[in-house]
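From first to last, the protein sequence lines stand for chains A and B.
Going from the first sequence to my numbering is simple: count from 1 and add 8.
Going from the second sequence to my numbering is simple: count from 1 and add 28.
What follows is one structure encoded as structure tokens, with my remarks underneath.
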Amino acid sequence: MSTQPLPTPVAGPPPGGGLRKRAWSGFERFQGLLFVMPALVVLAIFLIYPAYYTIRLAFYESDFHFGFFHYLGVDNFKELLTNDPDFLDLSKFPPGGALINNLRWVIFYISLSLIIGLGLAVLAVRVRYERAVKTAIFVPMAIAATAVGIIWLLVYNTDSNIGVMNAVWHGVLGQHQVSWLGNPAIVNYALIFAYVWASVGFVMVVLSAAIKGIPMEIMEAARVDGAGEWNIFRRIMLPMLSLPISVVTIWLFINVIKVFDIIYVMTGGGPGTTSRVIAFTMYEETFHNGRPGYGAAVAVIMLVLIAPVMVLNVRRFRTEKVVA
Amino acid sequence: MATVESAVPIRARTRSERLVRLVSRGPLHIALIGIAVLWLVPTVGLALTSFRKPPAIASSGWWHSFTQWDWTLHNYDSVITATGMGHAWVNSVIITVPATILPLTLGALAAFGFAWVPFPFRDTLFLIIVALMIVPIQTSLVPLLKLFANHGHLNNHYYGIWLAHTAFGLPLAVFLLRNFFVTLPKDLIEAARIDGASNLAIFRRVVVPLSVPALASFAIFQFLWVWNDLLMALIFVSDPSKQPMTVRIPYLLSTYGQEYNLLAAAAFLLMILPLLVFFSLQRYFVQGLLAGSVKT
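Take a look at the structure:
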């Protein structure tokens with residue numbers, strides 16, 4: 009920001025020494041602070057100080073009183089990454105543990121949400137009932153993860169007389185009934201799909217607005233030149249949507265690192281520990297296993313995973329401000 | 029906007045042309061309507077289940093309810109009174125309303141300071157708030173619970189959860205509102221200053237009335253976020269008689285695991301208020317979503 013050019017007077021300094029900026033009295037200089045102070049105080053006490061406390065706690069052994077019991081150095085992290093198969097298990101194939109499950113979430117949740125959301129955004133602008141389609145897709149955004157959990161427990165019910173999934177799989181396709189949430193090989197994907205269902209609306213709305221911002225002339229020109237719809241999508245729309253797509257991807261990433269509610273409601277991390285994710289381990293270790301220090305280490309890992317996004321956000325905002 | 033028109037081919041003139049168009053665009057319509065219906069199925073299934081009698085639910089899928097035509101409101105009656113969900117619903121309201129108004133007020137004041145009243149380190153402080161926007165709740169759960177428990181057992185009342193939600197909503201509030209406030213016409217605010225209006229008066233009489241859409245956007249976000257939140261309520265509301273629906277429904281689930289008549293009715297009760305808010309104020313919601321995401 010120091011590189012911002014200063015406006016230079018064309019005809020030299022005005023006569024009489026020029027206009028001096030009005031000297032601000034002490035009170036006026038700090039009046040703005042009065043406006044932001046309540047917010048800053050709340051943030052300092054309830055957001056910044058707790059983050060500091062948690063980071064410190066990650067290096068300690070603690071108990072249900074959350075005190076700094078016994079200094080451990082990096083032992084909590086070492087244990088998490090090398091000696092806790094519920095968190096990270098590389099000894100089998102496919103690897104398991106909360107961290108790997110969360111990686112599954114990152115890959116499948118983000119890509120599925122993006123593909124379906126983008127597809128819907130591109131297709132929906134071509135029909136007159138666009139609004140109706142969008143509303144249908146968008147509604148789940150307003151539904152609490154707790155309710156989403158109940159909705160999908162019903163869909164995934166093992167009884168083909170109750171669950172619509174098995175009604176199709178068993179009743180229509182004639183396959184054996186599947187316990188979608190009881191099978192460790194399937195449970196994570198079943199959960200991911202339920203969450204994709206709830207998130208696609210967001211992707212669609214943001215990308216749809218971006219598509220409408222693309223100047224019509226460009227696409228018309230391509231059409232006149234004989235470009236097919238697929239080429240227009242590949243070579244014109246997609247490049248022009250790269251910024252909104254990256255913004256949406258970041259949002260999905262933050263969402264997926266924090267995912268907790270839907271797993272808590274639908275499977276409780278089970279069967280066994282096979283559907284745990286990072287946030288679930290944090291909750292479980294801190295509030296059920298009485299190891300807040302260990303749980304704090306998990307929280308710090310979450311913070312580290314999200315930190316690059318934080319840096320990105322700040323950097324983007326700074327550059328934007330210089331332009332504006 | 030222009031693209032919408034261009035994407036829809038020019039209106040066919042004759043009946044046969046129209047037919048050809050319909051057939052050639054058939055796959056598009058089938059795909060779109062198909063996905064939209066698919067997306068509605070889970071919610072519709074839940075809604076229908078909540079009005080069916082328990083024996084019907086156990087013996088046939090909800091999709092049979094169109095032909096069986098045997099509805100009841102009894103599920104809602106039992107879930108509201110017998111399982112205490114009516115009480116939990118009220119708790120949700122008690123938690124959500126102050127947890128929306130507080131960050132809205134503090135956030136708007138701060139946003140005005142950041143947008144229109146210069147002070148030392150203004151930009152640095154604002155960047156810190158931008159960075160705080162995505163701090164995960166998990167880093168605050170333990171220290172806040174300790175803080176609340178040690179100071180007047182705030183976690184046995186609603187104060188704890190109100191404050192926690194206020195802190196977590198504030199960064200977004202400041203960010204969204206400040207970005208809206210800076211777009212207000214400078215002349216207007218300068219004119220008010222020259223007329224001798226104090227900053228507070230400018231905030232109240234000029235900025236707030238002109239910023240209703242942005243304030244509404246944030247209020248809706250925060251409302252939905254707090255109402256739908258499970259994790260923070262789980263940790264910061266220790267007293268079972270004060271817990272909101274999002275926390276009580278999992279308890280219901282562990283007690284009545286397969287009784288979908290109760291579970292569906294409870295889930296539907298939880299959804300109904302956000303859906304009403306969402307449908308009546310959808311415009312503001314989408315505006316806020318776009319402002320927040322495009323800028324973030």
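Ideal Cβ positions, reconstructed from N, Cα and C, are used throughout, including at glycine.
All values reported here derive from a predicted model rather than from experimental measurement.
*asked:* I need the DSSP call for Gly179/A, collapsed to helix, strand or coil.
replied: Here residue 179/A corresponds to residue number 171 of the first sequence, with the count starting at 1. Gly179/A: helix per DSSP, three-state reduction.
*Are the segment 171 to 189 of chain B and the segment 250 to 264 of chain B touching by the rule of at least three beta carbon pairs closer than 8 Å?*
yes
*asked:* Once the 5 residues before and after Ala138/B are set aside, which same chain residues still bring their CB inside 6 Å of it?
replied: Along the second sequence, one-based indexing puts residue 138/B at 110. Closer than 6 Å at Cβ, skipping near neighbours: Val202.
*Under a three-way DSSP split, which group does Trp144/B fall into?*
Residue 144/B sits at position 116 when you count from the first residue of the second sequence. Three-state result, Trp144/B: helix.
*Per DSSP, Asp97/A is paired with what?*
Within the first sequence, the letter at position 89 stands for residue 97/A. Answer is Gly104/A, bridged to Asp97/A.
*Close Cβ partners of Arg80/B (< 6 Å) along its chain, the five nearest in sequence each way excluded*: Within the second sequence, the letter at position 52 stands for residue 80/B. Taken in chain order, the residues that qualify are Ser93.
*With 8 Å as the threshold, decide whether the Cβ of Val50/A is near any Cβ in chain B.*
As a working note, residue 50/A is residue 42 in the first sequence. So yes, Val50/A belongs to the interface.
*For Leu172/B, count neighbouring C-beta atoms within 10 Å of its own C-beta (all shown protein chains included) and say buried if the count is 16 or more, exposed if not.*
In the second sequence, counting from the first residue as 1, residue 172/B sits at position 144. Burial call: buried.
*Proximity of Val163/A and Gly171/A at Cβ, strictly below 8 Å*: For the purposes of this step, residue 163/A is taken as the residue at position 155 of the first sequence. For the purposes of this step, residue 171/A is taken as the residue at position 163 of the first sequence. The Cβ atoms of Val163/A and Gly171/A sit closer than 8 Å to each other.
*asked:* Which same chain residues end up closer than 7 Å to Ser120/B when comparing Cβ atoms and leaving out the 5 residues on each side of it in sequence?
replied: One-based indexing of the second sequence puts residue 120/B at position 92. The answer, listed in chain order, is Trp255, Pro272, Met273.
*Tell me, to the nearest whole angstrom, how far the beta carbon of Ala129/A is from that of Ser216/A; I am working on the premise that it is less than 8 Å.*
Within the first sequence, residue 129/A is the residue found at index 121, counting from 1. Within the first sequence, residue 216/A is the residue found at index 208, counting from 1. That belief holds up - the Cβ atoms of Ala129/A and Ser216/A are roughly 4 Å apart, short of 8 Å.
*Bridge partners - Glu69/A, DSSP secondary structure assignment*: Numbered from its first residue, the first sequence carries residue 69/A at position 61. His78/A.
*When you compare only the Cα positions, how much space is there between Pro241/B and Tyr312/B?*
Start at 1 with the first residue of the second sequence, and residue 241/B comes out as number 213. Start at 1 with the first residue of the second sequence, and residue 312/B comes out as number 284. So the alpha carbons of these two residues sit roughly 6 Å apart.
*Starting from Ala110/B and walking both ways along the alpha helix (DSSP H), at which residues does that stretch end?*
Start at 1 with the first residue of the second sequence, and residue 110/B comes out as number 82. Boundaries for Ala110/B: no alpha helix (DSSP H) harbours it, and the DSSP string shows neither H nor E there.
_So if DSSP puts Trp99/B in a beta bridge, which residue, or which two residues, is it bridged to?_
One-based indexing of the second sequence puts residue 99/B at position 71. DSSP lists Arg80/B as the beta-bridge partner residues of Trp99/B.
*According to DSSP, is Gln286/B helix, strand or coil?*
Here residue 286/B corresponds to residue number 258 of the second sequence, with the count starting at 1. Reduced to three states, the DSSP call for Gln286/B is coil.
_Does the segment 42 to 57 of chain A come into contact with the segment 147 to 161 of chain B, if we say contact requires no fewer than three beta-carbon pairs (one atom in each stretch) closer than 8 Å?_
yes
*Could you have a look at Met161/B and say whether DSSP puts it in helix, strand or coil?*
Translated into the one-based positions of the second sequence, residue 161/B becomes position 133. Note: Met161/B maps to coil in three-state DSSP.
*Interface partners of Asn256/B on chain A, CB under 7 Å*: For the purposes of this step, residue 256/B is taken as residue 228 along the second sequence, with counting starting at 1. Within chain A, the residues near Asn256/B are Ala152, Ala153.
*What separation, rounded to the nearest whole angstrom, lies between the Cα atoms of Val107/B and Pro192/A?*
If you number the second sequence from 1, residue 107/B lands on position 79. If you number the first sequence from 1, residue 192/A lands on position 184. C-alpha separation (whole angstroms): 32 Å.
*Which residues of chain B have a Cβ atom closer than 9 Å to the Cβ of Thr281/A, listed in chain order?*
By one-based count along the first sequence, residue 281/A stands at place 273. By Cβ distance, chain B contributes nothing, its closest Cβ being about 18 Å from Thr281/A, past 9 Å.
*asked:* Suppose you measure from the CA of His102/B to the CA of Leu169/B; what does that come to, to the nearest Å?
replied: In the second sequence, counting from the first residue as 1, residue 102/B sits at position 74. In the second sequence, counting from the first residue as 1, residue 169/B sits at position 141. Rounded to the nearest angstrom, the two C-alpha atoms are 39 Å apart.
*Please report the residue range of the alpha helix (DSSP H) in which His193/B lies.*
The residue labelled residue 193/B in the question sits at position 165 within the second sequence. Counting along the chain, the alpha helix (DSSP H) containing His193/B begins and ends at 187 to 209.
*Should Gly157/A and Ile286/A be called a contact, given that it needs their Cβ atoms to be closer than 8 Å?*
For this step, residue 157/A is matched to residue 149 along the first sequence. For this step, residue 286/A is matched to residue 278 along the first sequence. No; because the gap between Cβ atoms is not below 8 Å, this pair is not in contact.
*Considering Pro171/B, what are the terminal residues of the alpha helix (DSSP H) in which it resides?*
In the second sequence, residue 171/B corresponds to position 143, counting from 1. Its alpha helix (DSSP H) spans residues 169 to 178.
*Among Phe38/A, Val211/A, Arg37/A, Ala140/A, which has the Cα closest to the Cα of Gly62/B?*
On the second sequence, position 34 is the one that residue 62/B refers to. Nearest C-alpha to Gly62/B: Ala140/A.
*asked:* Measuring straight from C-alpha to C-alpha, what distance separates Phe72/A and Ser283/A?
replied: Within the first sequence, the letter at position 64 stands for residue 72/A. Within the first sequence, the letter at position 275 stands for residue 283/A. In a straight line, the C-alpha of Phe72/A is about 25 Å away from that of Ser283/A.
*Does DSSP classify Asp105/B as helix, strand or coil?*
Your numbering for residue 105/B matches position 77 in the second sequence. If DSSP states are grouped into helix, strand and coil, Asp105/B belongs with the helices.
*Can you tell which of Asn321/A, Arg323/A, Leu313/A, Met318/A has its C-alpha closest to the C-alpha of Val114/A?*
Taking the first residue of the first sequence as 1, we reach residue 114/A at position 106. Nearest option by C-alpha distance: Leu313/A.
_Supposed contact pair Ala127/B and Thr194/B - C-beta distance, whole angstroms, cut 8 Å_ = For this step, residue 194/B is matched to residue 166 along the second sequence. For this step, residue 127/B is matched to residue 99 along the second sequence. So it is a contact: roughly 6 Å between Cβ atoms.
*In chain A, which residues lie less than 9 Å from Met161/B when you measure between Cβ atoms?*
By one-based count along the second sequence, residue 161/B stands at place 133. Neighbours of Met161/B on chain A, chain order: Met318, Asn321.
*Expressed to the nearest angstrom, what Euclidean distance is found between the alpha-carbon atoms of Ile156/B and Gly182/A?*
Residue mapping note: residue 156/B aligns to position 128 of the second sequence, counting from 1. Residue mapping note: residue 182/A aligns to position 174 of the first sequence, counting from 1. Between Ile156/B and Gly182/A, the C-alpha separation is close to 57 Å.
*Could you check what DSSP says for Pro279/A in three-state terms: helix, strand or coil?*
Here residue 279/A refers to the residue found at position 271 of the first sequence. DSSP places Pro279/A in coil when its eight states are reduced to three.
*Compute the Euclidean distance between the alpha carbons of Ser187/A and Val176/A, then round it to the nearest angstrom.*
Along the first sequence, read from residue 1 onward, the residue named residue 187/A stands at position 179. Along the first sequence, read from residue 1 onward, the residue named residue 176/A stands at position 168. So the alpha carbons of these two residues sit roughly 14 Å apart.
_Cβ-based neighbour list, Asn239/A, same chain, cut-off 8 Å, excluding 5 preceding and 5 following_ = Numbered from its first residue, the first sequence carries residue 239/A at position 231. Hits under 8 Å: Ala230.
*At a CB-CB cut-off below 7 Å, which residues of chain A make contact with Phe306/B?*
In the second sequence, counting from the first residue as 1, residue 306/B sits at position 278. Within chain A, the residues near Phe306/B are Ala150.
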